[in-house]
Amino acid sequence: MDFLSGGVDPQSMFISSVQQSQQLEQLANTALSQGMDLYRDGKYSEAADAFRRSVALSPTSPYAQTSADYMASSYIKIGRIDKAADAYKTSMQLDPTNDAPVVKLANLYFAEGRHQEALTQYEKAVRLNPSAVNYFSLGQAHLARENFLEAESAFSRVQRMEPNATNGYYGQGQVYNKMERYDDAVLQFKAAIEKDDTFYTAYAELGYNYADMGKMDEAQELVAFLEENDADLADTLSRYMYKVDPPQIMFASSSGNFPKTLPMRTPLSVLDSYLTNANATQTFTMELQFSKKMDRESVENIYNWSITRANGDNMIDKYNFGFSIPDTEVAPKAYPDFVYYDDRNLTAKLTFSIQQNDTADGTIDPSHIVFKFNGEDVYGNKMNPDFDQYSGFSGVA
Numbered sequence: 002m003d004f005l006s007g008g009v010d011p012q013s014m015f016i017s018s019v020q021q022s023q024q025l026e027q028l029a030n031t032a033l034s035q036g037m038d039l040y041r042d043g044k045y046s047e048a049a050d051a052f053r054r055s056v057a058l059s060p061t062s063p064y065a066q067t068s069a070d071y072m073a074s075s076y077i078k079i080g081r082i083d084k085a086a087d088a089y090k091t092s093m094q095l096d097p098t099n100d101a102p103v104v105k106l107a108n109l110y111f112a113e114g115r116h117q118e119a120l121t122q123y124e125k126a127v128r129l130n131p132s133a134v135n136y137f138s139l140g141q142a143h144l145a146r147e148n149f150l151e152a153e154s155a156f157s158r159v160q161r162m163e164p165n166a167t168n169g170y171y172g173q174g175q176v177y178n179k180m181e182r183y184d185d186a187v188l189q190f191k192a193a194i195e196k197d198d199t200f201y202t203a204y205a206e207l208g209y210n211y212a213d214m215g216k217m218d219e220a221q222e223l224v225a226f227l228e229e230n231d232a233d234l235a236d237t238l239s240r241y242m243y244k245v246d247p248p249q250i251m252f253a254s255s256s257g258n259f260p261k262t263l264p265m266r267t268p269l270s271v272l273d274s275y276l277t278n279a280n281a282t283q284t285f286t287m288e289l290q291f292s293k294k295m296d297r298e299s300v301e302n303i304y305n306w307s308i309t310r311a312n313g314d315n316m317i318d319k320y321n322f323g324f325s326i327p328d329t330e331v332a333p334k335a336y337p338d339f340v341y342y343d344d345r346n347l348t349a350k351l352t353f354s355i356q357q358n359d360t361a362d363g364t365i366d367p368s369h370i371v372f373k374f375n376g377e378d379v380y381g382n383k384m385n386p387d388f389d390q391y392s393g394f395s396g397v398a
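When we follow this note's numbering, the leftmost residue of the sequence shown carries the number 2, and every step to the right adds one.
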């Protein structure tokens, strides 16, 4: 068509296109405004629809990315994580050079435990914007994936970029804790605290690290400090200490009927009159108190227990005080007959048997009979080896 002979004017077409674009942008802004009102009213599903319309009407609008971000937030509110992820991806397409929506998508994946997907996005964010914040997030993603060397590298870079900030030292402390380099972790957490003595999360992490080292006194000092400054962190640290602290036998209850304090060469008949009979068998009980909640199956497994004669380092801690054992001496069975765990009172009640000899003159050293447990608590922790057995003479050892 000949534009110079009465055809369509190119300038008119341009003006018309601009006007249409402006109209669409106005409609997009209206949809954005409606979405904001719906969002404030808690009508998240309707808000998401409005934000989606806003983006579709004018993807080149300066507010299009804002609409996409709010669309993602709306979907998160109603639990549509898949839709929220798509919204952040839309935001990324609107401005491929902006790391903000990339970080938001990575944070979403991280919160959902999708650590590998989060890691991929954090790596992209670092390429777009190699900031200390992005490197810190990248380090956290590597830490979650147990890529310890990569996490260490990321946090070292944060330290170099912001030597006076806390994040690099805090993250590095977390890495060293996971690597069981506990002493190095202490130095890093203390360095973070030196940068900001109100960074109470670092105090808590230091406490977790001390608990992992078995230094419960140092961890408890931090609990006391946090109780004055951040009660929630103090409570969390205290609970963590309880969880990781190896279980202990605390004492033997008086409710058991085994006379655990009687001396060497005690006649069996003193334990129970029924044992005056040759070859008679009698059952006895011992009730032991634990320091924390135990795994029922572990406690009630009789083969996690042993009943033996004491064999301590000193003569007084040995069966019969180390003297030769007479021919009349008898011993309980090596394992209890059965065990009952009381999860309310944290006690184990052992029932075990002792058999009289065939001449009815058996003797025993009750105070040097050792009851030992080799099981675990409800969290899977093994017994503290310094507190895993009991005898009437030595107590808990």
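Cβ atoms here follow ideal geometry from the backbone N, Cα and C, with glycine treated the same way.
Taking only runs of the beta strand (DSSP E) that begin and end inside the stretch 298-364, which ones reach a length of at least 3 residues, in chain order? 306-310, 339-343, 348-356
Where Glu-153 and Gly-140 are concerned, what is the direct C-alpha to C-alpha distance, given to the nearest angstrom? 7 Å
Expected contact under 8 Å - CB spacing of Ala-126 and Val-104 to nearest Å: 5 Å
Would the beta-carbon of Ile-303 fall within 9 Å of that of Val-397? no
Could you check whether Pro-327 and Arg-266 sit closer than 9 Å to each other, using their CB atoms as the reference points? yes
Residues near Ala-220 by beta carbon distance below 6 Å, same chain, minus five either side: Gly-208, Tyr-211, Ala-212, Met-242
Would Ala-133 and Glu-163 be called neighbours here (beta carbons separated by less than 9 Å)? yes
What is the DSSP secondary structure of Gly-43, reduced to helix, strand or coil? coil
Should the stretch 221-231 be regarded as contacting the stretch 253-270, the criterion being three or more beta carbon pairs within less than 8 Å? no
In the stretch 177-253, which residue ranges form an unbroken beta strand (DSSP E) of at least 3 residues, counting only runs that do not cross its ends? 250-253
Going residue by residue through the stretch 116-150, where are the continuous alpha helix (DSSP H) segments of at least 4 residues, counting only ones entirely within it? 116-129, 133-145
Alpha helix (DSSP H) segment containing Tyr-89, residue limits: 82-95
Among Val-245, Pro-97, Pro-268, whose alpha-carbon lies nearest the alpha-carbon of Thr-360? Pro-268
On the DSSP bridge list, what partners appear for Gln-290? Phe-252, Thr-348
8 Å contact criterion, which Ser-75 and Ala-48 should meet: CB distance rounded: 5 Å
In terms of residue numbering, what span does the beta strand (DSSP E) encompassing Tyr-391 cover? 390-392
Bridge partners of Pro-268, per DSSP? Thr-364
Presumed contact (8 Å Cβ cut-off) between Ala-335 and Ile-317, rounded CB distance: Going by Cβ atoms, the distance from Ala-335 to Ile-317 rounds to 24 Å, so no, they are not a contact pair.
Endpoints, the beta strand (DSSP E) within which Lys-261 is located: Neither: Lys-261 is in no beta strand (DSSP E) and is coded neither H nor E.
Would you list the one or two residues that DSSP bridges to Met-295? Asp-378
Buried versus exposed, by CB contacts within 10 Å (16 or more), Tyr-171: buried
Check the C-beta distance from Ile-194 over to Tyr-204 and give it rounded, since I have them as a contact under 8 Å. 6 Å
Between Asp-185 and the rest of its own chain, which residues show a CB-CB distance below 7 Å, the 5 nearest in sequence each way excluded? Tyr-177
Going by Cα to Cα distance, which pick from Asp-38, Leu-33, Tyr-45 is closest to Arg-54? Leu-33
Neighbourhood of Leu-351 by C-beta, 6 Å cutoff - its chain only, sequence neighbours within 5 removed: Met-287, Pro-337, Val-340
So, at 6 Å on beta carbons, what are the nonlocal neighbours of Pro-102 in its own chain, with the 5 sequence-adjacent residues on each side left out? Tyr-89, Ser-92, Met-93
Under a three-way DSSP split, which group does Phe-4 fall into? Unreliable placement is indicated for Phe-4, whose pLDDT of 40 sits below 50; the coordinate value is still reported in the next sentence. If DSSP states are grouped into helix, strand and coil, Phe-4 belongs with the helices.
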